[in-house]
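Numbers given in the numbering used here equal positions in the sequence shown, counted from 1, plus 119. Note that beta-carbon positions come from the ideal geometry of N, C-alpha and C, so glycine has one too. Here the structure comes first, spelled out in structure tokens, and everything after it is commentary.
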Amino acid sequence: MTPIFMRTVRQTATIVCCLLAASGCATLPDTEELIKRHTGQAARFETARGALSTQKNAAILAALQRKSGDIDILEKQIVLEQAIIGSPLILGNKVALLQDGAATYAAMFAAIRNARDHINMETYIMEDDEIGRQFADLLLAQQSRGVQVNLIYDSVGALSTPKAFFERLKQGGIKVLEFNPVNPFDTRTPWLINNRDHRKLLVVDGRIAFIGGINISSVYASGSFVRRSKKAATSTSAWRDTDLQLEGPVVGELQKLFLQTWDKQRGQPLAAKNYYPALQAQGKDIVRAVGSTPDDPYSLIYLTLISAIGNAEKQVSLTNAYFVPDPQLLKALTEAAGRGVAVQLILPSYSDSALVFHAGRAHYTRLLQGGVKIYERAGALLHAKTAVIDGVWSTVGSTNLDWRSFLDNDEINAVILGHEFAQQVQAMFADDLAASQPIHLAHWENRPLHFRVKEWLATLWARLL
């Protein structure tokens, strides 16, 4: 069975779940009211040794401003980011940008091989294919050496993976937890079938972590940037995605999110390991780990993105795989373009989800009329979820720009504040832009009727996507 077919099966199962739970659907928050309520705080920073004094906070902010070249913009984004989330920004981190599956898997394998205490892994999809078996073999080998391996996988995401695959891991001593089982007789918590674990998180020894959009599947095994031939343009084998490798104090925050999920899902008691080692500064990146779950009053990832766009003065560059925007996100994007911000979206030119693809395209006319520039990525199936704003605010994670990510899923992103890392994300955006085709309003308004029909039908399902 092809990956696209299995994605369709998983999506169909998820839609059925949504219909079962539709009567209890949450709603998105009033972002303007929440942002007004939270603004006015001063930025607070934290290191591996704890919170800093007011004087040191001010000194760090002044130093960042001197380096940024955009003093007011950086300060405004830092203060607003602080105000919205309410937890300190973590200093002293080293963040590496990983493009596509091959680079990400190589870095993950190296970290797993070097593990000495424990490995915590959380994923939406874990396939029983070449890549999945490589991970399984390596995790089992480490478990046999005394490294405790704990794995969380999503029940819907792994719907096509044989139970024998996970049973082998359990027999080898790995602690395996199925997130919100589809089968109600297997659940350990209230049957919340609509809540899915869409996070992709790997924490090794509590010291190094990986997050992003990449699942455990062979569809990510090939690169995307090198495949720009005519043949590649019609190929569905290359997937374009992005992950982060993080070291430093912020890893403790990512570890906390994993362990919270384990406890919430009532997993088996974990082996006594050093899950929170003393962490030292590893670099100069300022990072905030942002986890969202339907248990929260509202999605922190959604709120911080909307606030960053609303705060933008120069540029908003978004790359996203599944784009089904709600009215507030549409308003934030068009209002930013209306005040002179260069708003650019890179979206897929084809997708493994026809419903999401056409539901997103249904909003092109409004966005284009509002001054937003739209490009569709060719030559690879776009699965990345990244953003860079004003050259100082960046995010990479698992969160799509759709209702499901903001309301129904457990998601995880990292927000990185600073000019140097933003330059890397902007350079990656430029590479994707070079491999994309622009969508022009005049041409779009003359698209075939059957496209319009598909878009209209897809919008009927928008809240469930």
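What are the residues that DSSP puts in a beta bridge with leucine 311? As a working mapping, residue 311 is identified with position 192 in the sequence shown. Paired residue(s): none; leucine 311 is not in a bridge.
Tell me glutamine 218's beta-bridge partners as DSSP assigns them. Start at 1 with the first residue of the sequence shown, and residue 218 comes out as number 99. In the DSSP output, where bridge partners are listed per residue, glutamine 218 has Thr361.
Among Gly332, Leu311 and Glu200, which has the Cα closest to the Cα of tyrosine 224? By 1-based counting over the sequence shown, the position of residue 224 is 105. Closest by alpha carbon: Gly332.
Going by DSSP in three states, valine 572 sits in which element: helix, strand or coil? Numbered from its first residue, the sequence shown carries residue 572 at position 453. Note: valine 572 maps to helix in three-state DSSP.
Bridge partner(s) assigned by DSSP for leucine 296: Locating residue 296 in the sequence shown gives position 177, where the first residue counts as 1. Looking at the DSSP assignment, leucine 296 forms a beta bridge with Ile271.
Distance between methionine 547 and histidine 562 (C-alpha atoms, nearest Å): Walking along the sequence shown from the start, residue 562 turns up at place 443. Walking along the sequence shown from the start, residue 547 turns up at place 428. One C-alpha to the other measures close to 27 Å.
Does the separation of the CB atoms of isoleucine 271 and phenylalanine 298 fall below 8 Å? By 1-based counting over the sequence shown, the position of residue 271 is 152. By 1-based counting over the sequence shown, the position of residue 298 is 179. It is a contact, given that the beta carbons lie within the stated cut-off.
Helix, strand or coil: how does DSSP classify isoleucine 327 here? Start at 1 with the first residue of the sequence shown, and residue 327 comes out as number 208. If DSSP states are grouped into helix, strand and coil, isoleucine 327 belongs with the strands.
Could you tell me the distance, in whole angstroms, from the CA atom of alanine 554 to the CA atom of arginine 307? Working through the sequence shown from its first residue, we reach residue 554 at position 435. Working through the sequence shown from its first residue, we reach residue 307 at position 188. Approximately 46 Å between the Cα atoms of the pair.
Once DSSP output is grouped into helix, strand and coil, what is the label at arginine 407? The residue you call residue 407 lines up with position 288 of the sequence shown. Of the three classes helix, strand and coil, the one that applies to arginine 407 here is strand, per DSSP.
Spatial neighbours of leucine 536 in its chain, beta-carbon cut-off 7 Å, leaving aside the 5 residues before and after: Along the sequence shown, one-based indexing puts residue 536 at 417. Excluding positions up to five away in sequence, the list reads Gln196, Ile197, Glu200, Leu208, Ile405, Val511 and Trp512.
Paired residues, beta bridge with methionine 245 - DSSP: Here residue 245 is taken as the residue at index 126 of the sequence shown, counted from 1. Answer is Ile335, bridged to methionine 245.
Using the three-state DSSP reduction, which class does asparagine 430 fall into: helix, strand or coil? One-based indexing of the sequence shown puts residue 430 at position 311. Note: asparagine 430 maps to helix in three-state DSSP.
Do the CB positions of leucine 452 and valine 491 come within less than 8 Å of each other? Translated into positions along the sequence shown, residue 452 becomes position 333. Translated into positions along the sequence shown, residue 491 becomes position 372. For leucine 452 and valine 491, yes; Cβs fall inside 8 Å.
To the nearest angstrom, report how far apart glycine 457 and glycine 489 are at their CA atoms. The residue labelled residue 457 in the question sits at position 338 within the sequence shown. The residue labelled residue 489 in the question sits at position 370 within the sequence shown. Cα to Cα, glycine 457 sits roughly 7 Å from glycine 489.
Looking at the strands, I want to know which residues DSSP matches up with serine 436. By one-based count along the sequence shown, residue 436 stands at place 317. In DSSP, serine 436 forms a bridge with Gln463 and Val507.
Could you compute how far the alpha carbon of phenylalanine 284 sits from the alpha carbon of leucine 363? Residue numbering aside, residue 284 sits at position 165 when the sequence shown is read from its first letter. Residue numbering aside, residue 363 sits at position 244 when the sequence shown is read from its first letter. Straight-line Cα distance between these residues: approximately 27 Å.
Going by DSSP, which residues form a beta bridge with glutamate 495? Within the sequence shown, numbered from 1, the residue matching residue 495 stands at position 376. DSSP lists Leu466 and Gln556 as partners of glutamate 495.
Whole-number beta carbon distance between valine 370 and alanine 328, since they are thought to touch under 8 Å: Here residue 328 is taken as the residue at index 209 of the sequence shown, counted from 1. Here residue 370 is taken as the residue at index 251 of the sequence shown, counted from 1. That pair is a contact at about 5 Å.
Other residues of its chain near glycine 386: CB distance less than 6 Å, five sequence neighbours each side excluded: Sequence index remark: in the sequence shown, residue 386 carries index 267 (1-based). Closer than 6 Å at the Cβ level, and outside the excluded window around glycine 386, lie Leu296.
Go ahead and pull the three-state DSSP assignment for valine 443. In the sequence shown, residue 443 corresponds to position 324, counting from 1. In the structure shown, valine 443 sits in coil (DSSP, three-state: anything other than H, G, I, E or B).
Taking the alpha carbon of tryptophan 358 as the reference point, which residue from Gln374, Asp415 and Gly498 has its own alpha carbon closest? Here residue 358 refers to the residue found at position 239 when the sequence shown is read from its first residue. Selected option, being the one with the closest Cα: Gly498.
Out of Glu249, Val301, Val214 and Leu320, which one is the CA nearest neighbour of isoleucine 231? As a first step, residue 231 is located in the sequence shown; it is residue number 112 there, counting from the start. Among Glu249, Val301, Val214 and Leu320, the Cα nearest to that of isoleucine 231 belongs to Leu320.
Pairwise C-alpha distance: alanine 226 and leucine 422: Numbered from its first residue, the sequence shown carries residue 422 at position 303. Numbered from its first residue, the sequence shown carries residue 226 at position 107. Taking the straight line joining both Cα atoms gives about 31 Å.
Can you tell me the Cβ-Cβ gap for threonine 505 and threonine 412, rounded? I've got them flagged as a contact below 8 Å. For this step, residue 505 is matched to residue 386 along the sequence shown. For this step, residue 412 is matched to residue 293 along the sequence shown. Not really, about 21 Å apart at Cβ, beyond 8 Å.
So does the segment 476-485 actually touch the segment 427-437, counting three or more Cβ pairs closer than 8 Å? no
Would you identify the three-state DSSP class for threonine 355, choosing helix, strand or coil? Your numbering for residue 355 matches position 236 in the sequence shown. Note that threonine 355 has pLDDT 49, beneath the 50 cutoff, so the model's placement of it is unreliable and the number below is only indicative. Here threonine 355 sits in coil by DSSP.
State the DSSP-derived secondary structure class of histidine 237, mapped to helix, strand or coil. In the sequence shown, residue 237 corresponds to position 118, counting from 1. Histidine 237: strand per DSSP, three-state reduction.
Can you have a look at threonine 353 and say buried or exposed, based on whether 16 or more other CB atoms are within 10 angstroms of its CB? Residue mapping note: residue 353 aligns to position 234 of the sequence shown, counting from 1. Only weak support is given to the placement of threonine 353: the predicted model assigns it a pLDDT of 39, under 50, and the value that follows is read from those uncertain coordinates. Exposed: under 16 other Cβ atoms inside 10 Å.
Can you give the Cα-Cα distance for alanine 66 and serine 468, rounded to whole angstroms? Because the chain in this structure spans residues 120 to 584, residue 66 falls outside the shown range and cannot be described.
8 Å Cβ cutoff met for glutamine 374 and valine 322: Looking up residue 374 in the sequence shown gives position 255. Looking up residue 322 in the sequence shown gives position 203. Taking 8 Å as the Cβ cut-off, glutamine 374 and valine 322 qualify as a contacting pair.
For histidine 559, count the other beta carbons within 10 Å of its own beta carbon; 16 or more makes it buried, fewer makes it exposed. Which is it? To locate residue 559, count along the sequence shown from 1; it is residue 440. Exposed, by the Cβ-count rule.
Counting along the chain, where does the beta strand (DSSP E) carrying aspartate 529 start and finish? Against the sequence shown, residue 529 aligns to sequence position 410. From DSSP, the beta strand (DSSP E) with aspartate 529 extends over 528-536.
Count Cβ pairs between the segment 384-403 and the segment 511-528 that sit closer than 8 Å; are there 3 or more? no
Using a threshold of 8 Å, state whether the C-beta atoms of valine 409 and tryptophan 522 are closer than that. Here the question's residue 409 lines up with position 290 in the sequence shown. Here the question's residue 522 lines up with position 403 in the sequence shown. Taking 8 Å as the Cβ cut-off, valine 409 and tryptophan 522 do not qualify as a contacting pair.
Going by the DSSP bridge assignment, what does tryptophan 512 pair with across the sheet? Counting from 1 along the sequence shown, the entry for residue 512 is found at position 393. Beta-bridge pairing links tryptophan 512 to Ile508 and Leu536.
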